[in-house]
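Down below is the structure, laid out as structure tokens.
Residue numbers (our numbering), protein chains in the order written: chain A, 1 to 80; chain B, 1001 to 1080; chain C, 2001 to 2159; chain D, 3001 to 3159.
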């Protein structure tokens, strides 16, 4: 089991009711962690419209996770 | 014979030494008048790079002339 | 956030992307681009419009994750600047609450000639809108509100 | 000139092209375009650059035939505005003497979305540069000067 810090933004933050939480997880990838936390952010599948970053670096949904990582879940962006 | 007021601009004005003059001419078109005044504006052929207006309306080099017209000879433009 | 960031409010030659929580000073930004070897300046501004997709909009909130918004903006500006060979780019995006007519984003590009300034400015705003971690919540005249582009995030009730 | 003209120094919604013999006030022009139904503003500025075709430029003189420059500018703006469906355009071109860095021309376009604002702004400046009766005399660092684009007007000596 790894300890991961998860950051939620915008819609995900509103649904989770917090902008950050520490979770214990055996997820190997960002996608596995996202799916485990479905009840928090409320989204079935992030691929194609959501983004993810690990330790402040843009990542993808196959990026592996390590103990102590900080994972940022980004709902669809809308700048400008 | 017609009396035409000719206006020169930029390089043509500098070469002619004036910005306006009245000329007596039998020229039927703007092109014929331009060629008759070659010693004033110093250009052999205006087509393709110079423009002409008659009585403050853009014209072309086949535009016919009438007594009392005001003809504006424009060397190549360079706005912006 | 677990990390404290000091995001600059004004973009600079070294860090040409900024996130601002106050009105964007477009006059000052333009002056920062003055350059005697540049013949062209193209700017883009995005304004808060009174309608979107058929609904009457009253105001917007922008949420921005600054560390990555700035880093990604700087990367985009560097890539586009090199591609077109422009002399300088500055860009600012707002965070926080904006009302109608507010300036949400400003991009300015100076270059020797106009062609590359137009192309670079267009590419940069196109990429800022889809690549930066920025979210827009619209507030409508009927009292409703919603996060733009989030219709594909299934609601919590169906999770 | 045989006709007296009263050319406005500021463009308006009715006459959106102006010729100015003083510095262009870009801040004021931008504010004249404020519009709560517009989501995009694209501006172009042409600046006096320190070099052109390999020669060091110190200053410029613009000669403008105002009645037709304004009329042609208004016509171009109307045609392009209709083509792209933009909400408003304003444009100003300088006449007289400018030094390095001076703003020679400003074009601003507001529209609902950015695509049409970029395209309209580009078309308008492209056409202003080649269709309006405006002439540019460059003054070079070697003391020489010359009218730009007039190389095809055979010299008086050969006439």
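Virtual Cβ for every residue (Gly too), placed ideally from N, Cα, C.
Residue(s) in a DSSP beta bridge with residue i
{"i": "residue 1/A", "result": "Answer is none; residue 1/A lacks a bridge partner."}
{"i": "residue 2095/C", "result": "Partner(s): none; residue 2095/C has no beta bridge."}
{"i": "residue 2043/C", "result": "2108/C and 3043/D"}
{"i": "residue 3135/D", "result": "3063/D"}
{"i": "residue 1042/B", "result": "None, per the DSSP bridge assignment."}
{"i": "residue 64/A", "result": "29/A"}
{"i": "residue 1070/B", "result": "1005/B"}
{"i": "residue 2141/C", "result": "Answer is none; residue 2141/C lacks a bridge partner."}
{"i": "residue 2089/C", "result": "2109/C"}
{"i": "residue 2051/C", "result": "2056/C"}
Collapsed DSSP secondary structure at residue i in the structure displayed
{"i": "residue 3081/D", "result": "helix"}
{"i": "residue 3024/D", "result": "coil"}
{"i": "residue 75/A", "result": "coil"}
{"i": "residue 24/A", "result": "strand"}
{"i": "residue 2103/C", "result": "strand"}
{"i": "residue 3058/D", "result": "strand"}
{"i": "residue 10/A", "result": "coil"}
{"i": "residue 2157/C", "result": "Residue placement at residue 2157/C cannot be trusted, given a pLDDT of 46 that sits under 50; what the coordinates show is reported in the next sentence. Helix, per DSSP."}
{"i": "residue 1052/B", "result": "strand"}
{"i": "residue 3018/D", "result": "strand"}
{"i": "residue 17/A", "result": "coil"}
{"i": "residue 3146/D", "result": "strand"}
{"i": "residue 57/A", "result": "strand"}
{"i": "residue 80/A", "result": "coil"}
{"i": "residue 2038/C", "result": "coil"}
{"i": "residue 3151/D", "result": "coil"}
{"i": "residue 3009/D", "result": "coil"}
{"i": "residue 47/A", "result": "coil"}
{"i": "residue 1037/B", "result": "coil"}
{"i": "residue 1951/C", "result": "Because chain C spans 2001 through 2159 in this model, residue 1951/C falls outside it and cannot be assessed."}
Beta-carbon spacing of residue i, residue j below 9 Å
{"i": "residue 53/A", "j": "residue 2135/C", "result": "no"}
{"i": "residue 3033/D", "j": "residue 3108/D", "result": "yes"}
{"i": "residue 3084/D", "j": "residue 3035/D", "result": "no"}
{"i": "residue 2093/C", "j": "residue 2078/C", "result": "no"}
{"i": "residue 1982/C", "j": "residue 3042/D", "result": "With chain C running from 2001 to 2159 in the structure shown, residue 1982/C is simply not present."}
{"i": "residue 2074/C", "j": "residue 2017/C", "result": "yes"}
{"i": "residue 2010/C", "j": "residue 2068/C", "result": "no"}
{"i": "residue 2125/C", "j": "residue 2064/C", "result": "no"}
{"i": "residue 2112/C", "j": "residue 3046/D", "result": "no"}
Contact set for residue i: own chain, Cβ-Cβ below 7 Å, skip 5 residues either direction
{"i": "residue 2158/C", "result": "Note on residue 2158/C: pLDDT 42, under 50, position unreliable in the model; no value is reported."}
{"i": "residue 3127/D", "result": "3076"}
{"i": "residue 1064/B", "result": "1028 and 1029"}
{"i": "residue 2138/C", "result": "2052, 2057, 2060, 2145, 2146 and 2148"}
{"i": "residue 1969/C", "result": "Outside the shown range of chain C (2001 to 2159) lies residue 1969/C, about which nothing can therefore be said."}
Cutoff 9 Å: residue i Cβ touching any chain C Cβ
{"i": "residue 71/A", "result": "no"}
{"i": "residue 43/A", "result": "yes"}
{"i": "residue 1/A", "result": "no"}
{"i": "residue 54/A", "result": "no"}
{"i": "residue 3142/D", "result": "no"}
{"i": "residue 3035/D", "result": "yes"}
{"i": "residue 23/A", "result": "no"}
{"i": "residue 3026/D", "result": "yes"}
{"i": "residue 3050/D", "result": "yes"}
Residue-chain proximity (residue i, chain D), Cβ-Cβ < 9 Å
{"i": "residue 1050/B", "result": "yes"}
{"i": "residue 2042/C", "result": "yes"}
{"i": "residue 2047/C", "result": "yes"}
{"i": "residue 1080/B", "result": "yes"}
{"i": "residue 2163/C", "result": "Nothing about residue 2163/C can be read from this structure; chain C reaches only from 2001 to 2159."}
{"i": "residue 1063/B", "result": "no"}
{"i": "residue 1032/B", "result": "no"}
{"i": "residue 1010/B", "result": "yes"}
Any chain A beta carbon closer than 9 Å to residue i
{"i": "residue 2153/C", "result": "yes"}
{"i": "residue 2104/C", "result": "yes"}
{"i": "residue 2065/C", "result": "yes"}
Beta-carbon contacts of residue i that lie in its chain and below 8 Å, excluding the five residues immediately before and after
{"i": "residue 22/A", "result": "3, 4, 5 and 6"}
{"i": "residue 1015/B", "result": "1008, 1040, 1041 and 1042"}
{"i": "residue 1038/B", "result": "1044"}
{"i": "residue 66/A", "result": "2"}
Min CB distance residue i to chain B below 9 Å
{"i": "residue 3133/D", "result": "yes"}
{"i": "residue 3113/D", "result": "no"}
{"i": "residue 3090/D", "result": "no"}
{"i": "residue 3149/D", "result": "yes"}
{"i": "residue 3093/D", "result": "yes"}
Sequence-distant residues of the same chain with beta carbon closer than 6 Å to residue i, five excluded per side
{"i": "residue 3100/D", "result": "3048 and 3050"}
{"i": "residue 3081/D", "result": "3089"}
{"i": "residue 3097/D", "result": "3061"}
{"i": "residue 1017/B", "result": "none"}
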